[in-house]
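Colleague:
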Amino acid sequence: MENHLAKLEALESRYRELEALMTQEEVLANPEKLTELAREQTRLEGIVQKYREYKSLTRELEDTRQMLEEGNLDHELEALARGELKKLREKQESLARELKLALLPRDEADERDVIVEIRAGAGGEEAGLFAADLFRMYSRYAASKGWEVEVMSRNETGIGGLKEIIFEVRGKGAFSRLKYESGVHRVQRVPVTEAHGRIHTSTATVAVLPEPDEVEVKIDPEDLRIDTFRASGAGGQFVNKVSTAVRITHLPTGLVVTCQDERSQLKNKLKALRVLRARLLDRERSRQQKELAESRRSQVGTGERSEKIRTYNFPQSRVTDHRINLTLHNLESILEGELDELIDALATAEAEKALAGTSAREDF
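As structure tokens, this is what we get:
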């Protein structure tokens, strides 16, 4: 903890400075500046209050220890003091851990809206039905958080499943929660089309991309090939007479985005461009994270999308997240969108890993 005290002192000093600045007449007369300082103060408030609690606790612990060392207590009071000392140490350790976690750098994308892409994998029609189940699960989770969901592109199967769906989730902290869902999801169950009651295994892939600002990802129009074609419904049962569907190919990377849900070609083009920007940002973030991981020699294999991250086993009503070896026996409620227990556990595991990684660095 000693390595972190200088940083915590600096944060507390800045917090006091902000308190003083926000009482100055020139700041009070400038609403924009006042708002900026207030936001910074709000960001610091939690960790500063926790640090002040830690310092108070440390003083109390030192006083109790000194009292015991003086040896002037009778047997009963000494027993009480030793019990109190143990409680104070446990609380100090807990606070120290919380402070270390609070000092970890935040992902700048955490507060962004997201674009989610779900695609049916191995398993034929059953994989498409599972992809539709995942879409419903995320839609219900978003609704429970007060977030908005907008479908950007949908390609359905003939029996109510999804070959692919791309949708946007808008709301505070959407990426901070949904980012753990990227990867291969596996389902084990008896398909509705199975006549002999045999359990089948199918998969679907999920990609969660933070939505960038236009200024962050600039696209040269000359790098794009834009094709238009007639949109089709589920199983090709309906075909528009007008070419409203849009396919955009980013020539330098080979990324291809198709949107056909809107009746307007322009709206489909704009949606496709938003998805393309998100994919390009995700590509760059992945490159940067890979370089960072290699420089720290950390093992990041479990984060790759090519790996199976979770299994949904219907016969056992079991959901297992393989990244953290967590098994829950409430499959039905999870598919109804109750994902917080899973996501909280994943967030905690990520913080623990980051904390373990930073503890060995000399500059932290």
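Reading the sequence shown from the start, the letters are residues 341 to 704 in our numbering.
Backbone N, C-alpha and C fix where the C-beta goes; we use that ideal spot for every residue, glycine too.
1) Under 8 Å, with one C-beta from each stretch per pair, do the region 442-457 and the region 515-531 reach the 3-pair mark?
2) Of all the alpha helix (DSSP H) runs that stay within the bounds of the region 487-559, which reach a length of 4 or more residues?
3) In the DSSP output, what is valine 596 paired with across the bridge?
4) For lysine 609, which residues from the same chain have a beta carbon less than 8 Å from its beta carbon, with the 5 sequence-adjacent residues on both sides left out?
5) Assess, as a yes-or-no matter, whether the region 529-542 is touched by the region 456-466 under the definition of 3 or more beta carbon pairs within less than 8 Å.
6) Going by beta carbon distance, what residues of the same chain come within less than 7 Å of leucine 675, once the five residues before and after it are set aside?
7) Can the beta-carbon of threonine 404 be found closer than 9 Å to that of alanine 421?
8) Answer with yes or no whether the minimum CB distance from arginine 356 to chain C is below 9 Å.
9) Looking only at its own chain, which residues have a Cβ that is under 6 Å from the Cβ of threonine 545, when we skip the five neighbours before and after it?
10) Output needed for glutamate 710: all residues of its chain with C-beta closer than 8 Å, excluding positions within five of it in sequence on either side, in chain order.
11) Could you compute how far the alpha carbon of aspartate 684 sits from the alpha carbon of alanine 436?
12) Would you identify the three-state DSSP class for arginine 650, choosing helix, strand or coil?
13) Inspect the beta-carbon positions of phenylalanine 475 and glutamate 490 and report whether they are closer than 9 Å.
14) Kindly give me the distance between the Cβ atoms of methionine 407 and leucine 413, rounded to whole angstroms, as I take these residues to be in contact under 8 Å.
15) Determine the DSSP secondary structure at aspartate 453, reduced to helix, strand or coil.
16) Using DSSP's beta-bridge definition, name the partner residues of leucine 666.
17) Tell me which same chain residues have a C-beta within less than 6 Å of the C-beta of valine 367, skipping the five on either side of it?
18) Closest by CA to isoleucine 455, which one among Arg658, Gly411, Ala482?
19) Once the 5 residues before and after leucine 595 are set aside, which same chain residues still bring their CB inside 6 Å of it?
20) Sorted by chain position, which residues of the same chain lie with C-beta nearer than 6 Å to threonine 398's C-beta, five sequence neighbours on each side aside?
21) Here's the rule I'm using: 16 or more other beta-carbon atoms within 10 Å means buried, otherwise exposed. How should aspartate 560 be labelled?
22) So what does tryptophan 568 bridge to, in DSSP terms?
23) Who are the near neighbours of asparagine 653 in its chain, counting only those whose CB is closer than 6 Å to its CB and skipping five residues on each side?
24) For the alpha helix (DSSP H) containing threonine 382, list its first residue and its last residue.
25) Using a Cβ-Cβ cut-off of 6 Å (strictly less than) and excluding sequence neighbours within five positions of leucine 686, which residues of its own chain qualify?
26) Check whether the Cβ atoms of lysine 440 and leucine 613 lie closer than 9 Å to each other.
27) Which residue marks the beginning of the alpha helix (DSSP H) containing glutamine 364, and which one marks its end?
28) Taking the alpha-carbon positions, what's the arginine 510 to tryptophan 487 distance?
29) My output table needs one value for arginine 356: the three-state DSSP class, helix, strand or coil.
30) What number of angstroms, rounded off, separates the C-alpha of arginine 636 from the C-alpha of lysine 431?
Modeller: The relevant details are as follows:
1) yes
2) 514-518
3) Thr589
4) Ile566, Val586, Ile588, Cys599
5) yes
6) Asp473, Met477
7) yes
8) No chain C appears in this structure, which consists of one protein chain only.
9) Arg459, Gly461, Val524
10) What the structure shows of the chain is the stretch from 341 to 704, and residue 710 is not part of that stretch, so it cannot be assessed.
11) 20 Å
12) strand
13) no
14) 7 Å
15) coil
16) Asp661
17) Leu361, Lys373, Leu374
18) Ala482
19) Arg619
20) none
21) exposed
22) A small fix is needed here, since residue 568 is threonine in this sequence, not tryptophan. Partner(s): Val586.
23) Gln528
24) 371-410
25) Tyr520
26) no
27) First-last for glutamine 364: undefined, no H or E at that position.
28) 6 Å
29) helix
30) Low confidence applies here, because arginine 636 scores a pLDDT of 40, under 50, leaving its location unreliable; read the following figure in that light. If I take the Cα positions, the gap works out to 32 Å.
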